[in-house]
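Undergrad: Using numbering that gives the first Met the number 0, read the sequence shown as starting at 0 and increasing by one per residue. Virtual Cβ for every residue (Gly too), placed ideally from N, Cα, C. Bear in mind the structure is a predicted one, so any value in this text is a computation, not a measurement.
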Amino acid sequence: MFEVDYISLADPDSMQEINTVVPTKGAILSGAVKMLPVEEPQPGEDLGHSGGPSVRLIDNIILKPNTQFDDQECHF
0 MFEVDYISLA DPDSMQEINT VVPTKGAILS GAVKMLPVEE PQPGEDLGHS
50 GGPSVRLIDN IILKPNTQFD DQECHF
């Protein structure tokens, strides 16, 4: 079980959120997902500190500029 906390698409220079990507400039795609605690752990399962608190996974993907395209925008 998981819960999406956020997904963001940002300009690589200003870090301001954007709705479109200019392929020759690229962008940064960021997200966070909260993994909910399990109801019943398996026997012998390591629950970590505090008996298995929820975990928040955060990641960023850098969408590199692509010089094969012109400045057409990609809409999301």
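1. Closer than 6 Å by C-beta to Pro42: which residues in its own chain qualify, once you throw out the five before and the five after it? Chain order, please.
2. Determine, using beta carbons only, whether Asp45 comes closer than 7 Å to chain B.
3. Please work out which residues of its chain come closer than 6 Å, Cβ to Cβ, to Met0, disregarding the five sequence neighbours upstream and downstream, and give them in chain order.
4. If the criterion is Cβ atoms closer than 7 Å, does the pair Ile17 and Asn59 meet it?
5. Considering only C-alpha positions, which residue in the set Ala31, Val32, Asp12 is nearest to Gly25?
TA: Looking at the atomic coordinates:
1. Walking along the sequence shown from the start, residue 42 turns up at place 43. Result list for Pro42: empty, nothing under 6 Å.
2. No chain B is part of this structure, which consists of one protein chain only.
3. Taking the sequence shown and counting its residues from 1, the one referred to as residue 0 is at position 1. Here the set comprises Leu35.
4. Mapped onto the sequence shown, residue 17 falls at position 18. Mapped onto the sequence shown, residue 59 falls at position 60. Taking 7 Å as the Cβ cut-off, Ile17 and Asn59 do not qualify as a contacting pair.
5. Along the sequence shown, one-based indexing puts residue 25 at 26. Of the candidates Ala31, Val32, Asp12, the one whose C-alpha sits nearest the C-alpha of Gly25 is Asp12.
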